[in-house]
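Encoded as structure tokens, the structure appears first; notes follow it.
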Amino acid sequence: MKIKPIPERHRWFDPWLIPVGVRLHGLAATYAALVERRELATNKRLRKRRGQAEADRETALGVIIANLAYETLSPSPSGRLAVLTGNNGRRIPRYSGPAKGKVLRDLLFELAELDVLDWQGPRAQRGEASSIRPTGSLRSELTSRGVTQLDIGQDEREEVILLTSRQMSGGSAAPVSRVLVDYPDTPPTMEMRDRLRGLNSFLAAADITFEHDGEEPVDPANRRMRRHFVTPDSSTRFDLSGRLYGGFWQNLARKRRGAIRIEGEAPVVLDYASMFTRLAYARAGLQPPEGDLYAIPGLVVPRDAVKVLVNAMFFDQHTRTAWPKDAETPQPDRVTVPELRRAVLALHPAIKDSFGRGVGLSLMHTESEVMAAVLDELRSRRIVALGLHDGLLVRSSQAEEAKKVMEQAVADICSISIPVHQKAVGE
94 MKIKPIPERH RWFDPWLIPV GVRLHGLAAT YAALVERREL ATNKRLRKRR GQAEADRETA
154 LGVIIANLAY ETLSPSPSGR LAVLTGNNGR RIPRYSGPAK GKVLRDLLFE LAELDVLDWQ
214 GPRAQRGEAS SIRPTGSLRS ELTSRGVTQL DIGQDEREEV ILLTSRQMSG GSAAPVSRVL
274 VDYPDTPPTM EMRDRLRGLN SFLAAADITF EHDGEEPVDP ANRRMRRHFV TPDSSTRFDL
334 SGRLYGGFWQ NLARKRRGAI RIEGEAPVVL DYASMFTRLA YARAGLQPPE GDLYAIPGLV
394 VPRDAVKVLV NAMFFDQHTR TAWPKDAETP QPDRVTVPEL RRAVLALHPA IKDSFGRGVG
454 LSLMHTESEV MAAVLDELRS RRIVALGLHD GLLVRSSQAE EAKKVMEQAV ADICSISIPV
514 HQKAVGE
């Protein structure tokens with residue numbers, strides 16, 4: 094029996110990456126001229142493009158060169174970038190960068206012929222995209238011109254307010270498909286976008302560095318935040334999720350965040366205590382009990398495990414009988430999921446109607462509104478803070494002021510008090 098190849102996984106090509114420095118702009122212009130000359134010499138085109146068509150093509154070529162430069166300076170594990178080159182599906186203008194479709198395919202072909210990149214089709218029939226990698230020739234050019242991370246930036250036109258539909262792809266046990274949804278702009282969406290772009294501009298200008306820790310490279314210039322909203326169908330709504338994603342610090346292992354420096358100072362972590370559970374009590378118009386909301390009397394179970402199950406139960410729309418598949422914390426020994434679930438319900442009978450009813454995305458939206466307000470207020474005070482969903486990283490010398498801002502924001506938005514804890518990075 095013929096064994097099908099396992100799909101390879103690569104870092105995705107970023108359609109909003111662009112040259113911003115003179116050195117990389119110059120290199121992109123050089124390759125644009127070479128591509129133009131080659132097309133005319135091979136009779137692929139009889140005359141020069143004009144107007145917007147030429148401008149779009151030059152922009153797309155710049156995006157490709159910026160991605161190849163980024164891969165050279167911050168190599169991914171596989172050394173290649175996954176890129177979608179087809180015309181399949183309906184492209185939504187607000188989410189689509191200039192490098193796409195036929196323009197992208199044509200440029201990749203020409204640059205491959207010029208030995209700028211290596212373009213490889215998928216090895217597997219399904220579940221894998223085409224991929225590209227910079228050649229030795231391009232790497233030499235980047236080195237000789239002294240191109241650095243400072244020469245690579247993000248297109249300011251990138252949409253930062255994203256709406257995604259989550260749909261079952263067939264049957265209740267089938268995986269969820271995620272599809273970007275277009276939406277009409279309204280005063281609220283425009284305000285959210287303006288606020289977030291203001292935050293991104295503030296972060297882009299901030300003094301944020303990463304001290305090399307001997308592990309894989311980190312790009313401290315990757316700071317752009319985006320708000321991701323969710324709709325269960327294709328309707329336009331912005332009351333589910335809305336969490337802030339992006340920024341190099343979010344996907345860093347906790348222990349590595351200790352190498353971050355904000356204005357030369359090591360950060361600390363500030364986070365809300367048991368935020369989802371406290372928001373569920375607030376949603377019900379109730380006060381939570383005193384003490385640790387994840388400590389179950391008489392049951393010896395790691396706190397993190399209880400937290401994992403409680404949070405999963407907020408998102409469930411059924412009676413959970415199995416441990417969450419994507420949980421980093423393993424299921425505790427000598428206790429079944431139904432037993433632990435019953436213990437959680439006994440611990441929090443006042444909010445039992447919040448479990449198994451799919452309220453998680455609504456709670457997440459409230460959380461995101463609080464964090465957006467916190468980051469806006471800190472920005473107004475010129476305090477650099479790096480968002481972590483229900484907490485943030487901030488200079489230790491500014492932690493007390495930031496803590497007060499967090500406490501006030503949740504009081505203003507939710508009319509409740511949630512303790513804010515300060516922790517060392519890595520805890």
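Using this note's numbering, the first residue of the sequence shown is number 94, and each one after it goes up by one.
Beta carbons are placed, not taken as given, at the ideal position from N, Cα and C, and that holds for glycine.
Practice task
Given a cut-off of 7 Å, decide if Leu440 and Phe369 are closer than it, judged by their beta-carbon atoms.
Solution key: With respect to Leu440, Phe369 sits apart: the two C-beta atoms are not nearer than 7 Å.
Practice task
Check the DSSP bridge columns for Lys516 and list the partner residues they point to.
Solution key: Val362
Practice task
Please report how far the alpha carbon of Ser334 lies from the alpha carbon of Pro512, in whole angstroms.
Solution key: 22 Å
Handout entry: Segment contact flag, the region 222–232 with the region 170–186, C-beta cutoff 8 Å, min 3 pairs
Key = The answer is yes - the region 170–186 touches the region 222–232, with three or more Cβ pairs under 8 Å.
Exercise for the section: Measure the C-alpha to C-alpha separation of Val240 and Leu117 and round it to an integer number of angstroms. Expected result: 6 Å
Practice task
Just tell me which of Val323, Phe331, Thr123 and Asn344 has its CA closest to the CA of Leu231.
Solution key: Thr123
Practice task
Tell me, please, whether the region 189–203 touches the region 276–285 by the rule of three or more beta-carbon pairs shorter than 8 Å.
Solution key: no
Exercise for the section: Assign His305 to one of two classes, buried (16 or more other C-beta atoms within 10 Å of its C-beta) or exposed (fewer than that). Expected result: exposed
Practice task
Name the two residues that bound the continuous alpha helix (DSSP H) containing Arg371.
Solution key: Here the alpha helix (DSSP H) through Arg371 covers Met368 to Arg376.
Problem - For Pro423, the nearest candidate out of Arg216, Thr412, Ala436 and Val399 (CA to CA) - result: Val399
Exercise for the section: Flag this pair as touching only if the region 462–471 and the region 480–497 have three or more C-beta atom pairs under 8 Å; answer yes or no. Expected result: yes
Problem - Neighbourhood of Asp332 by C-beta distance below 6 Å, restricted to the same chain and skipping five residues each side - result: His458
Handout entry: Three or more C-beta pairs below 8 Å linking the region 289–300 and the region 246–256
Key = yes
Practice task
Alpha carbon to alpha carbon, how far is Leu256 from Ser189? Give it in angstroms, no decimals.
Solution key: 14 Å
Exercise for the section: Kindly indicate the opening and closing residues of the alpha helix (DSSP H) around Arg475. Expected result: Where Arg475 is concerned, there is no enclosing alpha helix (DSSP H), given that its DSSP letter is neither H nor E.
Practice task
With a threshold of 16 other CB atoms inside 10 Å of the CB of Ser510, please say whether the residue is buried or exposed.
Solution key: exposed
Handout entry: Which of helix, strand or coil DSSP assigns to His458
Key = helix
Handout entry: Reference Asp208, options Arg376, Asn344 and Val128, closest by Cα
Key = Val128
Problem - Burial state of Asn293, where buried means 16 or more other Cβ atoms lie within 10 Å - result: buried
Problem - Contact under 7 Å by Cβ, Leu392 with Ala443 - result: Leu392 places its beta carbon 7 Å or farther from that of Ala443.
Handout entry: Check whether Asp210 and Gly114 have beta carbons under 7 Å apart
Key = The displayed chain sequence assigns Leu, not Asp, to residue 210. Not closer than 7 Å, so no.
Practice task
Have a look at Asp409, Tyr387 and Leu120 and flag the residue whose alpha-carbon is nearest the alpha-carbon of Glu234.
Solution key: Leu120
Practice task
Report yes if the C-beta distance between Leu87 and Leu485 is below 7 Å; otherwise report no.
Solution key: Coverage of the chain is limited to positions 94 through 520, which leaves residue 87 absent and any answer about it impossible.
Problem - Check whether Ile461 and Pro310 have beta carbons under 7 Å apart - result: Position check: residue 461 holds Ser in this sequence, whereas Ile was assumed. No. Outside cutoff.
Problem - Inter-residue CB distance, Arg259 and Val323 (contact presumed, cutoff 8 Å) - result: 6 Å
Problem - With 16 other Cβ atoms within 10 Å as the buried cut-off, status of Glu421 - result: Counting every other CB atom within 10 Å of its CB across the protein chains shown gives Glu421 a total below 16, marking it as exposed.
Handout entry: Residue environment, Ala267, which counts as buried when at least 16 other CB atoms sit within 10 Å
Key = For Ala267, the predicted model reports a pLDDT of 44, less than 50, meaning its position is unreliable and no value from the coordinates is stated.
Problem - Beta bridge counterpart(s) of Phe303 as assigned by DSSP - result: Paired residues: Ile353.
Practice task
Could you tell me the distance, in whole angstroms, from the CA atom of Asn315 to the CA atom of Gly340?
Solution key: Cα atoms of Asn315 and Gly340: separation of roughly 5 Å, rounded to the nearest angstrom.
Handout entry: Nearest residue (CA-CA) to Leu386, options Ser367, Gln380 and Tyr374
Key = Ser367
Handout entry: Minimum C-alpha distance to Pro227 - residue among Thr165, Pro170 and Leu200
Key = The candidate whose alpha carbon is nearest that of Pro227 is Thr165.
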